[in-house]
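Residue numbers (the UniProt record's numbering): 1 to 367. We put the CB at the ideal spot given by N, CA and C, even for glycine. In what follows, a single structure is set out as structure tokens and then discussed.
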Amino acid sequence: MALSELNRRRWRNFRRNGRAFWSLVIFSVLFVVAMCAEIVANDKPIVASYRGEFYFPAYRFYPETTFGGDFGTEAIYNDPAVQCLIVTGGSQDCWDTPEDLIAAVRAGTSDIPEAEQGWMIWPPIPFHYSTINNVGSAPSAPDATHWLGTDDTARDVLARVIYGFRISILFTLIVTVVASVVGIAAGAIQGYFGGRTDLVFQRVLEIWASTPSLYVIIILFAILGRSFWLLVFVTILFGWPALVGVVRAEFLRARNLEYVRAARALGVSDRTIMFRHILPNAMVATLTMLPFVVTGTISGLAALDYLGYGLPASAPSLGELALQAKQNLQAPWLAFTAFFTFAIMLSLLVFIFEGVRDAFDPRKTFK
Numbered sequence: 001m002a003l004s005e006l007n008r009r010r011w012r013n014f015r016r017n018g019r020a021f022w023s024l025v026i027f028s029v030l031f032v033v034a035m036c037a038e039i040v041a042n043d044k045p046i047v048a049s050y051r052g053e054f055y056f057p058a059y060r061f062y063p064e065t066t067f068g069g070d071f072g073t074e075a076i077y078n079d080p081a082v083q084c085l086i087v088t089g090g091s092q093d094c095w096d097t098p099e100d101l102i103a104a105v106r107a108g109t110s111d112i113p114e115a116e117q118g119w120m121i122w123p124p125i126p127f128h129y130s131t132i133n134n135v136g137s138a139p140s141a142p143d144a145t146h147w148l149g150t151d152d153t154a155r156d157v158l159a160r161v162i163y164g165f166r167i168s169i170l171f172t173l174i175v176t177v178v179a180s181v182v183g184i185a186a187g188a189i190q191g192y193f194g195g196r197t198d199l200v201f202q203r204v205l206e207i208w209a210s211t212p213s214l215y216v217i218i219i220l221f222a223i224l225g226r227s228f229w230l231l232v233f234v235t236i237l238f239g240w241p242a243l244v245g246v247v248r249a250e251f252l253r254a255r256n257l258e259y260v261r262a263a264r265a266l267g268v269s270d271r272t273i274m275f276r277h278i279l280p281n282a283m284v285a286t287l288t289m290l291p292f293v294v295t296g297t298i299s300g301l302a303a304l305d306y307l308g309y310g311l312p313a314s315a316p317s318l319g320e321l322a323l324q325a326k327q328n329l330q331a332p333w334l335a336f337t338a339f340f341t342f343a344i345m346l347s348l349l350v351f352i353f354e355g356v357r358d359a360f361d362p363r364k365t366f367k
């Protein structure tokens with residue numbers, strides 16, 4: 001679908017804002033990597049070949065019996081015995097010195113027919129966010145195996161950062177989109193109709209804003225348990241008023257302008273006037289607030305995770321990483337990782353939304 005001339009001009013303005021454009025490029029790369037976390041950081045192979053057939057353990061469940069094992073539970077792919085079963089096609093006894101059999105197959109010195117030999121392609125980071133590596137003490141410093149070290153339960157920090165980044169961004173996108181739609185609609189109704197409608201809405205907002213959201217979250221989690229979607233719902237419930245004030249002010253200012261009066265005189269419906277004529281002119285002020293909504297949502301999720309009222313304990317969390325940094329001062333790599341992750345993520349998002357805001361502002365031009 002071709003862009004209109006107005007949207008092409010907006011894109012040119014955004015493209016000329018170098019800081020915003022390159023922030024978008026960097027963030028897009030990081031977002032794609034995080035969305036493909038299963039093939040970037042995982043303790044299961046991306047692809048495995050066993051007796052001429054292909055398997056995709058990173059995305060599908062395969063019991064150990066699929067590869068000639070004895071158990072009906074999921075295969076533990078980092079177990080040398082399971083690796084031996086796959087590499088040798090299950091044709092050898094892999095429960096005694098499986099490393100020697102694997103080495104012989106890879107060196108081409110085994111007597112296993114080539115048609116029965118298998119292979120595995122592993123992710124660049126061979127650890128899932130929940131993988132516990134019991135080798136050595138925990139937390140352990142960064143090394144060639146764990147690029148950012150491990151936390152206090154011997155889980156790979158880099159893997160948890162990748163998965164935690166994905167959860168934080170998806171959580172923020174869902175909350176921001178839904179809360180913005182509700183907040184913009186509420187502010188538009190208040191500002192456009194004014195009078196008693198505006199008065200009633202303002203009193204409701206005052207009562208709602210004084211509600212202690214943290215207590216509500218604690219009570220709901222105590223009754224229903226911690227879950228991602230419950231946290232999304234509660235955050236939207238208390239986050240939508242953030243844009244109401246600025247949208248209301250823009251509609252109050254614009255509802256008596258000449259073009260709005262002319263549209264009313266021509267019989268244009270209130271809904272069309274509000275969302276087709278007034279709202280586009282209010283977008284600059286609205287987009288000015290979006291960086292604060294986005295950064296506030298990310299910071300709020302991290303704060304709840306830090307306090308223990310956020311995502312479930314089993315989920316990867318950047319806030320939980322910050323808590324571990326505080327509890328393990330002898331492991332400074334945890335603090336540095338948490339700080340730079342938040343700093344880079346929030347800076348990129350703020351720069352992107354600043355560029356979007358300026359692109360919608362007709363008074364802004366870039367050389």
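Start-to-end residues for the alpha helix (DSSP H) that takes in PHE233: If you number the sequence shown from 1, residue 233 lands on position 233. For PHE233, the enclosing alpha helix (DSSP H) covers residues 228-239.
Of all the options LYS44, SER137, ILE169 and THR172, which has the alpha carbon lying nearest to the alpha carbon of TYR83? For the purposes of this step, residue 83 is taken as the residue at position 83 of the sequence shown. For the record, residue 83 in the displayed sequence is Gln; it is not Tyr. Closest by alpha carbon: LYS44.
Going by DSSP, name the residue or residues bridged to PRO63. The residue given as residue 63 occupies position 63 in the sequence shown. DSSP lists GLU74 as partners of PRO63.
So, helix, strand or coil for ILE169, using DSSP? Taking the sequence shown and counting its residues from 1, one reaches residue 169 at position 169. In the structure shown, ILE169 falls within a helical segment according to DSSP collapsed to helix, strand and coil.
Any C-beta of chain C under 7 Å from that of ALA282: Reference to chain C is not applicable here, since this structure consists of a single protein chain.
Report the option in LEU224, ASP156 and ARG60 whose CA atom is closest to the CA atom of THR337. The sequence position of residue 337 within the sequence shown is 337, counting from 1. Nearest of LEU224, ASP156 and ARG60 to THR337, Cα basis: ASP156.
Distance check for ARG16 and LYS367, CA to CA, integer angstroms please. Here residue 367 corresponds to residue number 367 of the sequence shown, with the count starting at 1. Here residue 16 corresponds to residue number 16 of the sequence shown, with the count starting at 1. At LYS367, the pLDDT of 49 sits below 50, so the modelled position is not reliable and the matter cannot be decided from this model.
Hey, is the segment 40-56 in contact with the segment 116-126, meaning 3+ C-beta pairs nearer than 8 Å? yes
Would you list the residues sitting across from PHE54 in a DSSP beta bridge? Your numbering for residue 54 matches position 54 in the sequence shown. SER49, per the DSSP bridge assignment.
Hey, out of ASP152, LEU30, SER130 and ASN42, whose CA is closest to LEU329's CA? Here residue 329 refers to the residue found at position 329 of the sequence shown. The candidate whose alpha carbon is nearest that of LEU329 is ASP152.
Counted within 10 angstroms of its Cβ, other Cβ atoms place PHE14 as buried (16 or more) or exposed: In the sequence shown, the residue the question calls residue 14 occupies position 14. With 16 or more Cβ atoms within 10 Å of its Cβ, PHE14 is classed as buried.
Indicate whether PHE238 and ALA188 have their beta-carbon atoms separated by less than 7 Å. Residue numbering aside, residue 238 sits at position 238 when the sequence shown is read from its first letter. Residue numbering aside, residue 188 sits at position 188 when the sequence shown is read from its first letter. For PHE238 and ALA188, no; Cβs fall outside 7 Å.
Where GLU198 sits in the DSSP three-state scheme: Within the sequence shown, residue 198 is the residue found at index 198, counting from 1. It should be noted that the sequence gives Asp, not Glu, for residue 198. ASP198 falls in the helix class under three-state DSSP.
Would the beta-carbon of PRO142 fall within 7 Å of that of ARG226? Along the sequence shown, one-based indexing puts residue 142 at 142. Along the sequence shown, one-based indexing puts residue 226 at 226. Not closer than 7 Å, so no.
With DSSP as the reference, please indicate the residues paired to ILE121 in a beta bridge. Start at 1 with the first residue of the sequence shown, and residue 121 comes out as number 121. Looking at the DSSP assignment, ILE121 forms a beta bridge with VAL47.
Can you grab the Cα-Cα spacing for the pair VAL356 / ARG248, in whole Å? Counted from its first residue, the sequence shown places residue 356 at position 356. Counted from its first residue, the sequence shown places residue 248 at position 248. Approximately 21 Å between the Cα atoms of the pair.
Beta-carbon within less than 8 Å of ALA75's beta-carbon, same chain only, minus the 5 sequence neighbours each way: which residues are those? For the purposes of this step, residue 75 is taken as residue 75 along the sequence shown, with counting starting at 1. Leaving aside the five residues that flank ALA75 on each side, the residues in its chain whose CB is nearer than 8 Å to its CB run, in chain order, PRO57, TYR62, PRO63, GLU64, THR66, PHE67, GLY69 and VAL82.
Check the DSSP bridge columns for ARG155 and list the partner residues they point to. Locating residue 155 in the sequence shown gives position 155, counting from the first residue. Answer by DSSP bridge pairing, in chain order: ILE132.
Quick check for students: name the residue ranges of the alpha helix (DSSP H) that lie wholly in the segment 291-353, counting only runs of 4 or more. 318-327
So, are the CB atoms of GLY310 and LEU321 less than 7 Å apart? Position 310 of the sequence shown, counted from the start, is the residue given in the question as residue 310. Position 321 of the sequence shown, counted from the start, is the residue given in the question as residue 321. For GLY310 and LEU321, no; Cβs fall outside 7 Å.
Cutting at 8 Å between CB atoms, please list the residues of its own chain near GLY267, excluding the five before and the five after it. Numbered from its first residue, the sequence shown carries residue 267 at position 267. Nothing meets the Cβ criterion.
According to DSSP, simplified to helix, strand and coil, what is ALA144? Counting from 1 along the sequence shown, the entry for residue 144 is found at position 144. In this structure, ALA144 counts as coil in the three-state DSSP scheme.
Taking the alpha-carbon of GLY183 as reference, which of TYR163, VAL87, TRP147 and MET289 has the nearest alpha-carbon? In the sequence shown, counting from the first residue as 1, residue 183 sits at position 183. The shortest Cα separation from GLY183 among TYR163, VAL87, TRP147 and MET289 belongs to MET289.
Three-way DSSP call (helix, strand, coil) for ALA138 in this model: As a position in the sequence shown, residue 138 is number 138, starting the count at 1. Coil, per DSSP.
Excluding the 5 residues flanking ARG166 on each side, which residues of the same chain have their C-beta closer than 7 Å to its C-beta? Sequence index remark: in the sequence shown, residue 166 carries index 166 (1-based). So the list reads ALA34, MET35 and ALA37, once near-sequence residues are dropped.
Per DSSP, THR150 is paired with what? Here residue 150 refers to the residue found at position 150 of the sequence shown. Answer is ASP156.
Any idea if ARG160 is buried or exposed, counting beta-carbon neighbours within 10 angstroms, 16 or more meaning buried? For this step, residue 160 is matched to residue 160 along the sequence shown. The residue is buried, with at least 16 neighbouring Cβ atoms inside 10 Å.
Residues that ALA282 bridges to, as DSSP identifies them: Locating residue 282 in the sequence shown gives position 282, counting from the first residue. According to DSSP, ALA282 bridges with nothing at all.
Out of VAL284, ALA331, PHE342 and GLY245, which one is the CA nearest neighbour of TYR192? Counted from its first residue, the sequence shown places residue 192 at position 192. Comparing Cα positions, the closest option is GLY245.
By Cβ distance, which residues of its chain are closer than 6 Å to PRO316, with the 5 residues on each side in sequence left out? For the purposes of this step, residue 316 is taken as the residue at position 316 of the sequence shown. These residues qualify, in order along the chain: TYR129, ARG160, TYR163 and GLY164.
Taking the continuous alpha helix (DSSP H) assigned at LEU85, which residues delimit it? Taking the sequence shown and counting its residues from 1, one reaches residue 85 at position 85. Boundaries of the alpha helix (DSSP H) harbouring LEU85: 80-87, taken from the DSSP string.
Start-to-end residues for the alpha helix (DSSP H) that takes in GLY18: The residue you call residue 18 lines up with position 18 of the sequence shown. Residues 18-35.
If I'm right that ALA331 touches GLY149 with Cβ under 8 Å, what's the distance once you round it to whole angstroms? Indexing the sequence shown from 1 puts residue 331 at position 331. Indexing the sequence shown from 1 puts residue 149 at position 149. The pair is a contact, with the Cβ atoms about 7 Å apart (cut-off 8 Å).
Using DSSP bridges, identify the partner residues of ALA41. The sequence position of residue 41 within the sequence shown is 41, counting from 1. Answer by DSSP bridge pairing, in chain order: ILE125.
Looking only at C-alpha atoms, which of LEU346, PHE360 and ALA262 sits nearest to ILE298? The residue you call residue 298 lines up with position 298 of the sequence shown. Ranking LEU346, PHE360 and ALA262 by Cα distance to ILE298 puts LEU346 first.
Tell me whether residue 386 is buried or exposed, calling it buried when 16 or more other Cβ atoms sit within 10 Å of its Cβ. The shown model of the chain, from 1 to 367, leaves out residue 386, and the question about it has no answer.
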